[in-house]
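Numbering (the numbering used here), first residue to last: 305 to 486.
Beta carbons: idealized from backbone N, C-alpha and C, even for Gly.
These numbers come from a predicted model, not from an experiment.
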Amino acid sequence: MKTKMLVLFALALLGTAEKATAQAADKKTARKEKKELRQSIDRARHQQALDAILDSAFVLQANAVLLENYPRQQVDFHRNFVSMEGGHFSIQMSSIAANPVLKTGGEVSRMRIRTDKKGFVRCRIDLSGIVMTSSTVYLTLYPDSNEATATVRSLRGGRGVTLEGVIVPAADAEVLRNISTY
């Protein structure tokens, strides 16, 4: 009787162990599939952002602004953006208030794009215009993602401003362009 109980108990333990092992394997495959799906979506977004840059029709929707010697400031991407459509370039920055602190634009005089060994797409955009005279925008698109940074610097000197966010095609941008300035 004891032997039968021990055998039944051992079989029950083996069945439970097999079930637990199968569940762990299912969880691993589910995690792996989710990771692969996430990576393929990121690659597709990266390619879409790269195509938008090459077509000169993109918007960097900024979710953070960095100024020299100041902490990183989280901002609303609807009001803070860098955009390029054709040969026109515009920048709009705003704080929590409704009106933009800075809204300016200029014409693109030269644009150079290169990709380094690690997959970073680096773009230098030289601007000319009334307000944006002799300014340069350094745009960096991260590998396998549509996340990017844009640093705007004036060649006259002074400090630059960096905007962090995601690049989307100009047609898909969700930004508030025509905010009146006072």
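Within the same chain, and ignoring the five residues on either side of V470 in sequence, the residues whose Cβ sits closer than 6 Å to its Cβ are Q365, N450 and E451. Per DSSP, the unbroken beta strand (DSSP E) holding N367 starts and ends at A361 to L371. According to the DSSP assignment, P447 belongs to no beta strand (DSSP E), since it is labelled neither H nor E.
Less than 7 Å divides the Cβ of V412 from the Cβ of F393. When rounded, the separation of the alpha-carbon atoms in G390 and F362 is 9 Å. Rounded to whole angstroms, the Cβ separation of V465 and V369 is 7 Å, and the two are in contact under 8 Å.
When DSSP states are grouped into helix, strand and coil, H350 belongs to the helix group. If you check the CB distance, T455 and F424 do not come in under 7 Å. The three-state reading of DSSP puts S438 in coil, since its state is none of H, G, I, E or B.
Looking only at D476, V479, E468 and S387, the smallest Cα-Cα distance to Q378 is reached by E468. By a beta-carbon distance limit of 8 Å, H382 contacts E478. Their separation comes to about 6 Å.
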